[in-house]
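Colleague: Residue numbers (the UniProt record's numbering): 1 to 489.
Take this structure, written in structure tokens, and hold onto it; I'll ask about it next.
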């Protein structure tokens with residue numbers, strides 16, 4: 001079919017017209033979303049706000065070379081954001097130097113300026129003290145000083161930032177500013193990152209304890225949400241008696257902690273469990289699907305059927321974090337190698353995004369743990385990613401840097417038993433039974449679970465994941481993005 005010159009001109013006209021109409025529509029928006037690092041949780045939040053809050057328009061930069069984004073994004077946005085008299089609110093993450101942007105664009109000064117902290121650079125771990133670039137933390141302090149509201153995704157994030165400002169400013173040789181934290185604190189609030197949880201269920205017939213590789217435990221992402229129980233408060237599970245055979249001594253706590261497939265005799269896993277978690281469906285060959293507290297979905301298997309079958313699937317461990325040194329992959333792989341050396345059965349899925357510099361430990365572990373690997377590398381499909389989480393038993397964090405932890409909370413929502421450092425943000429979200437204080441404790445807990453994977457598969461996870469859902473937090477975000485005029489009587 002031949003396209004006439006007239007048709008080409010008409011198509012070009014409508015294309016140009018559509019672009020112009022889109023620009024006009026954007027200029028009528030009242031909420032300006034600016035993201036200098038549009039990837040990961042930063043992207044999730046911008047997309048969620050744009051889709052669920054009226055009158056939002058977003059201007060973003062790709063999630064590459066974040067150091068350069070932190071240094072130069074303001075200059076780019078100065079030119080990229082068109083002027084508009086309808087803007088009322090400016091929302092940006094702390095990657096952007098907000099002070100530079102409003103200085104370069106005086107028309108934005110009048111807006112209600114909201115700065116959101118996914119992380120903070122004052123306590124971000126570096127390999128050596130001299131590697132810390134003063135400029136990144138300095139940018140964030142300046143941004144807070146010009147912002148009207150400063151929101152943090154966790155109390156740990158907020159307090160670690162505010163309490164570090166004074167010592168951070170001591171890096172300035174002389175004429176240091178004083179009491180900046182007192183200027184910033186009145187603007188601050190905690191607003192947890194909102195997660196749009198999928199509806200996840202597990203197959204009703206397929207005991208997870210049995211090794212049936214051709215019929216793996218697949219989640220139905222389109223199924224209706226199962227009914228929820230009344231969750232206990234986060235971090236404070238109800239006290240209940242626990243069977244002695246499932247208890248183990250906890251090592252003394254040490255100071256200076258960590259920041260989407262045998263040994264001779266079996267030992268009891270280092271895991272506390274409530275008696276109610278051991279309730280079983282005694283119909284042979286079936287699984288009873290039940291929602292644990294906070295909506296974390298976990299199946300309850302038939303113990304007698306498992307023993308009769310005599311073939312239990314190895315513990316499936318998942319590590320869904322960025323492949324970077326601040327997530328301490330060295331500790332994770334070192335722990336797995338110890339389990340391997342002790343002849344323990346386990347399977348591992350190593351997920352998460354990779355960036356320019358991937359630590360060498362990943363290539364080494366890929367070879368050393370080859371026989372135990374189920375999934376290796378980033379899973380671009382969200383549905384496939386969630387399916388892996390629903391198939392896994394335990395999710396592990398070894399982070400030295402974590403201010404919220406979307407990946408951990410998503411994994412728990414999909415039914416994974418969490419193991420996290422007793423530091424950083426984790427005590428704010430997870431009850432103590434899911435925390436470890438030392439690498440030795442982590443290894444001992446995993447060792448016990450490798451020997452008794454049925455224990456973790458029956459456990460009802462006591463984490464209120466729904467308190468971090470968009471449904472629970474949307475009104476707070478809509479209020480955050482309301483202009484000052486909207487709050488006037």
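We treat Cβ as the ideally placed atom computed from N, Cα and C, and that holds for glycine.
Between the Cα of residue 415 and those of 98, 318, 107 and 425, spot the shortest distance and give me the residue it belongs to.
Modeller: The sequence position of residue 415 within the chain shown is 415, counting from 1. Residue 415 has its Cα closest to that of 318, out of 98, 318, 107 and 425.
Colleague: Buried or exposed: where does residue 375 fall if 16 or more other Cβ atoms within 10 Å of its Cβ makes it buried?
Modeller: For the purposes of this step, residue 375 is taken as residue 375 along the chain shown, with counting starting at 1. Result: buried.
Colleague: Which word fits residue 342, buried or exposed, when buried means at least 16 other C-beta atoms lie within 10 angstroms of its C-beta?
Modeller: Locating residue 342 in the chain shown gives position 342, where the first residue counts as 1. Counting Cβ neighbours within 10 Å, residue 342 comes out exposed, since fewer than 16 surround it.
Colleague: What would DSSP say about residue 423, mapped onto helix, strand or coil?
Modeller: Along the chain shown, read from residue 1 onward, the residue named residue 423 stands at position 423. In this structure, residue 423 counts as coil in the three-state DSSP scheme.
Colleague: Check whether the Cβ atoms of residue 353 and residue 156 sit closer than 7 Å, and answer yes or no.
Modeller: Looking up residue 353 in the chain shown gives position 353. Looking up residue 156 in the chain shown gives position 156. For residue 353 and residue 156, no; Cβs fall outside 7 Å.
Colleague: Look at the alpha carbon of residue 345 and the alpha carbon of residue 400, and state the distance between them as a whole number of angstroms.
Modeller: Start at 1 with the first residue of the chain shown, and residue 345 comes out as number 345. Start at 1 with the first residue of the chain shown, and residue 400 comes out as number 400. Computed Cα separation, rounded: 27 Å.
Colleague: Using only the heavy atoms of the ligand COA, determine whether one of them is closer than 6 Å to the beta carbon of residue 40.
Modeller: Here there are no bound small molecules, and the ligand COA is not part of this structure.
Colleague: What is the C-beta distance between residue 29 and residue 72, in whole angstroms, given that I count them as a contact (C-beta under 8 Å)?
Modeller: Position 29 of the chain shown holds residue 29. Position 72 of the chain shown holds residue 72. Actually they do not touch by this definition, with Cβ atoms about 25 Å apart.
Colleague: How many Å lie between residue 61 and residue 390 at the Cα?
Modeller: One-based indexing of the chain shown puts residue 61 at position 61. One-based indexing of the chain shown puts residue 390 at position 390. Near 32 Å, if we compare the C-alpha coordinates of residue 390 and residue 61.
Colleague: Helix, strand or coil for residue 36? Go by DSSP, reduced to three states.
Modeller: Start at 1 with the first residue of the chain shown, and residue 36 comes out as number 36. Three-state DSSP puts residue 36 in a strand.
Colleague: Please confirm if the stretch 437-447 is in contact with the stretch 367-383, defined as three or more CB-CB distances below 8 Å between the two stretches.
Modeller: The stretch 437-447 is not in contact with the stretch 367-383.
Colleague: Measure the CB-CB distance between residue 320 and residue 423 and report whether it falls below 7 Å.
Modeller: Working through the chain shown from its first residue, we reach residue 320 at position 320. Working through the chain shown from its first residue, we reach residue 423 at position 423. No; because the gap between Cβ atoms is not below 7 Å, this pair is not in contact.
Colleague: For residue 95 versus residue 31, is the C-beta distance shorter than 7 Å?
Modeller: By 1-based counting over the chain shown, the position of residue 95 is 95. By 1-based counting over the chain shown, the position of residue 31 is 31. In this structure, residue 31 does not lie closer than 7 Å to residue 95 by Cβ.
Colleague: Just the Cα atoms here: how many angstroms apart are residue 355 and residue 44?
Modeller: For the purposes of this step, residue 355 is taken as residue 355 along the chain shown, with counting starting at 1. For the purposes of this step, residue 44 is taken as residue 44 along the chain shown, with counting starting at 1. Rounded to the nearest angstrom, the two C-alpha atoms are 18 Å apart.
Colleague: Cα separation between residue 133 and residue 123?
Modeller: Here residue 133 corresponds to residue number 133 of the chain shown, with the count starting at 1. Here residue 123 corresponds to residue number 123 of the chain shown, with the count starting at 1. Cα to Cα, the separation comes out at about 12 Å.
Colleague: Within a Cβ cutoff of 6 Å, which residues of the same chain sit near residue 475, ignoring the five residues on either side of it in sequence?
Modeller: Within the chain shown, the letter at position 475 stands for residue 475. Within the same chain, residue 475 has no close Cβ partners at all.
Colleague: In its own chain, which residues sit with a C-beta less than 8 Å from the C-beta of residue 147, not counting the 5 before and 5 after it?
Modeller: Position 147 of the chain shown, counting from 1, holds the residue named residue 147. If we look at residue 147 and ignore the five residues flanking it on each side, its Cβ neighbours are 98, 113, 114, 115 and 187.
Colleague: Does DSSP put residue 356 in a helix, a strand or coil?
Modeller: Residue mapping note: residue 356 aligns to position 356 of the chain shown, counting from 1. In this structure, DSSP gives residue 356 a state outside helix and strand, which the three-state scheme calls coil.
Colleague: Do the stretch 442-454 and the stretch 325-343 meet, that is, are 3 or more Cβ pairs less than 8 Å apart?
Modeller: yes
Colleague: Going by DSSP, what residue range makes up the alpha helix (DSSP H) through residue 338?
Modeller: The sequence position of residue 338 within the chain shown is 338, counting from 1. Segment 329-341, the alpha helix (DSSP H) holding residue 338.
Colleague: Would you check if the distance between the CB atom of residue 91 and the CB atom of residue 69 is smaller than 7 Å?
Modeller: Within the chain shown, the letter at position 91 stands for residue 91. Within the chain shown, the letter at position 69 stands for residue 69. Taking 7 Å as the Cβ cut-off, residue 91 and residue 69 do not qualify as a contacting pair.
Colleague: Out of 480, 412 and 446, point me to the one whose CA is closest to residue 462's CA.
Modeller: On the chain shown, residue 462 is found 462 positions in, with the first residue counted as 1. Considering only alpha carbons, the answer is 412.
Colleague: Which word fits residue 358, buried or exposed, when buried means at least 16 other C-beta atoms lie within 10 angstroms of its C-beta?
Modeller: Residue numbering aside, residue 358 sits at position 358 when the chain shown is read from its first letter. Exposed is the call here.
Colleague: Between residue 393 and residue 466, is the Cβ-Cβ spacing less than 7 Å?
Modeller: Looking up residue 393 in the chain shown gives position 393. Looking up residue 466 in the chain shown gives position 466. No, the pair does not count as a contact, with Cβ atoms beyond the cut-off.
Colleague: Where do the ends of the beta strand (DSSP E) carrying residue 350 lie?
Modeller: Taking the chain shown and counting its residues from 1, the one referred to as residue 350 is at position 350. 346-350 is the extent of the beta strand (DSSP E) around residue 350.
Colleague: Measure the C-alpha to C-alpha separation of residue 472 and residue 323 and round it to an integer number of angstroms.
Modeller: Within the chain shown, numbered from 1, the residue matching residue 472 stands at position 472. Within the chain shown, numbered from 1, the residue matching residue 323 stands at position 323. Using only the alpha carbons, I get a separation of about 31 Å.
Colleague: Note down, one range per segment and in chain order, each alpha helix (DSSP H) of at least 4 residues found wholly within the stretch 388-471.
Modeller: 406-413, 426-429, 439-451 and 453-458
Colleague: In its own chain, which residues sit with a C-beta less than 6 Å from the C-beta of residue 168, not counting the 5 before and 5 after it?
Modeller: On the chain shown, position 168 is the one that residue 168 refers to. Counting only Cβ-Cβ distances below 6 Å, and skipping sequence neighbours, we find 122 and 137.
Colleague: Once you ignore the five residues that flank residue 48 on each side, which residues in its own chain have a CB closer than 7 Å to its CB?
Modeller: By one-based count along the chain shown, residue 48 stands at place 48. Cβ within range, chain order: 194, 196 and 470.
Colleague: By how many angstroms is the C-alpha of residue 468 removed from the C-alpha of residue 108?
Modeller: The sequence position of residue 108 within the chain shown is 108, counting from 1. The sequence position of residue 468 within the chain shown is 468, counting from 1. Rounded to whole angstroms, residue 108 to residue 468 spans 31 Å at the Cα level.
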